[in-house]
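Below: the structure, in structure tokens.
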Amino acid sequence: MEQHSRSALKEKKRIVIKIGSSSLTHRETKDLNLMKIERLVRIISDLKGQGKEVILVSSGAIAVGRQALGHRGKPGSLAEKQAYAAVGQARLMMVYQKLFAEYNQTAAQILLTKNIMERESSRLNAQNTFEELLKLHAIPIVNENDTVSTSEIPLVDNFGDNDRLSAIVAALVGADLLILLSDIDGLYSDDPHKNPDARLISLVPEITPELLAMGKSSSGSDVGTGGMAAKLAAARIATDSGSDMVIANGNDVSTVLEITGGKETGTLFLAHRNQDFDLMSYIAHEY
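The numbering used here numbers the first residue of the sequence shown as 246 and each following residue consecutively.
Laid out in structure tokens, this is it:
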């Protein structure tokens, strides 16, 4: 089953790739790792050359903003976070635009908030925008709009992390594969940082309550927000909406080519479309 499922990933046509802040920045300085971003851009451009449609969900705006403004720590207030994002979103997009242009590709920015997804008219507008951009062979680059999101006010308009945001985007556009590039190799039977006997789980045919209970809301990075609990929540959204999902280590972005080439890398969660799953109901009640 594992071999067949992995081989099927070669045929995926609409792919959402999420990369976290910790995978985009240097560990020591938290500055952007431009060499890694360039490799990611080259890989996405090559996937496009294979006839695939790719949407990139990219963290990093706040990290880029605080770098530009000369601050090293996480923002201490909501206003500071939004100020970093206002600077960083423009700078990060400038980097992507420049690098994608080197490979004759056009990048487009889409900033989302929770209330956009909750309103039918704005949700349909977002969906139509994605479809038109893909039709025009552009590469949508998505992030939460941190300049206006209010993460300290519960249940208003923030997604909280880009793991779940990427799964929501995958469900919205009907993607058949979601790849989460993180700072961990995949889903483990226990926390590998604490338990040397923890084993990597290569295949998850179904997300069970026991599996969800394994998620721990912790992260080894001070630039990211999504722990394993967020990734399992993303897996539930993606698989219930009909998309396979892979969690893999983003330290080497060539992992993307291994996944799409059918190699056993990371943890594969198999799609099992749930007829009772309603994305909008999930957004309204689970956040």
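Where is the CB? At the ideal position from N, CA and C, for every residue including glycine.
Looking at C-alpha atoms only, which residue of the options is the closest neighbour of residue i?
i, options, result
"T512", "L457, D523, L432", "L432"
"Q350", "K319, E283, S447, R317", "E283"
"I264", "R317, V498, E451", "V498"
"K281", "T274, D442, I307, S268", "S268"
"G315", "T274, P385, K359, G487", "T274"
"E298", "K476, L378, A412", "L378"
"I452", "R444, I288, K476, N278", "K476"
"L277", "Q372, A313, I504, S486", "A313"
"R256", "E376, T505, A346, S266", "The amino acid occupying residue 256 in the given sequence is Glu; Arg does not appear at that position. When only C-alpha atoms are compared, the closest one is T505."
"P320", "T392, H382, A479", "T392"
"A474", "S488, G487, A458", "A458"
"D485", "A416, G472, I446, M338", "A416"
"P385", "E365, F345, L279", "F345"
"E286", "A308, E455, V340, Q248", "It is worth fixing the name first, because residue 286 is Val in this sequence and not Glu. That would be V340, whose Cα lies nearest to the Cα of V286."
"Q342", "A483, A383, L323, N496", "A383"
"I424", "E503, S366, L445", "E503"
"K271", "A253, G305, G487, R364", "In the sequence as presented, Lys is not what sits at residue 271; that position holds His. Cα-wise, what sits closest to H271 is G305."
"S252", "I446, N519, D489", "D489"
Grouping DSSP H, G and I as helix and E and B as strand, with all else coil, what is residue i?
i, result
"F522", "coil"
"D485", "helix"
"V414", "helix"
"G469", "At G469, the pLDDT of 40 sits below 50, so the modelled position is not reliable; the number obtained from the coordinates is stated separately. Coil."
"R368", "helix"
"E298", "strand"
"N349", "coil"
"K326", "helix"
"S499", "coil"
"L285", "helix"
"P454", "helix"
"T270", "strand"
"L254", "helix"
"I392", "This sequence places Thr at residue 392; Ile is not what is there. Of the three classes helix, strand and coil, the one that applies to T392 here is coil, per DSSP."
"T505", "helix"
"L344", "helix"
"L477", "helix"
"N440", "coil"
"D406", "coil"
"G305", "coil"
"G321", "coil"
"L515", "coil"
"E247", "helix"
"S463", "In this prediction, S463 has a pLDDT of 43, which is less than 50 and means its spatial position is unreliable; nothing more can be read from the coordinates."
Beta-carbon within less than 8 Å of residue i's beta-carbon, same chain only, minus the 5 sequence neighbours each way: which residues are those?
i, result
"G310", "A328, Y329, A330, A331, V332, G333, Q334, R336"
"E376", "V418"
"L426", "I262, K263, I264, G265, S268, A493, N494, G495, V498, T500, V501"
"M338", "A352, Q354, I386"
"L279", "V340"
Near residue i, which residues of its chain fall below 7 Å by C-beta distance, leaving aside the five closest residues on each side in sequence?
i, result
"V414", "V261, I300, V302, V387"
"P541", "There is no way to answer for residue 541, as the model of the chain reaches only from 246 to 532."
"G465", "A caution first: G465 carries a pLDDT of 46, below 50, which makes its placement in the model unreliable, though a value can still be read off. Cβ within range, chain order: D428, H438."
"S250", "L448, L513, L515"
Run through the DSSP bridge pairs and tell me what residue i is partnered with.
i, result
"Y433", "L445"
"N494", "S427"
"Q354", "I386"
"V261", "I300, L423"
"F375", "Answer by DSSP bridge pairing: none, since F375 is not bridged."
"L277", "T270"
"T510", "In DSSP, T510 forms no bridge with anything."
So, for residue i: in the same chain, excluding its five sequence neighbours on each side, which residues have a beta-carbon less than 6 Å away from its beta-carbon?
i, result
"R481", "I452"
"R368", "M362"
"A479", "D408, R409, A412"
"D435", "A443"
"R259", "E298, A420, D421"
"S290", "Y348, Q350"
"Q372", "L417"
"Q248", "none"
Got a sec: is the Cβ-Cβ distance from residue i to anything in chain B below 9 Å?
i, result
"S266", "The structure shown contains no chain B; it holds only a single protein chain."
Exercise for the section: Please determine if the segment 290-304 and the segment 314-330 are in contact, where contact requires at least 3 C-beta pairs separated by less than 8 Å. Expected result: When C-beta atoms of the segment 290-304 are compared with those of the segment 314-330, fewer than three pairs fall below 8 Å, so the two segments do not count as touching.
Practice task
Report yes or no: do three or more beta-carbon pairs, one from the segment 495-509 and one from the segment 438-446, lie closer than 8 Å?
Solution key: The segment 495-509 is not in contact with the segment 438-446.
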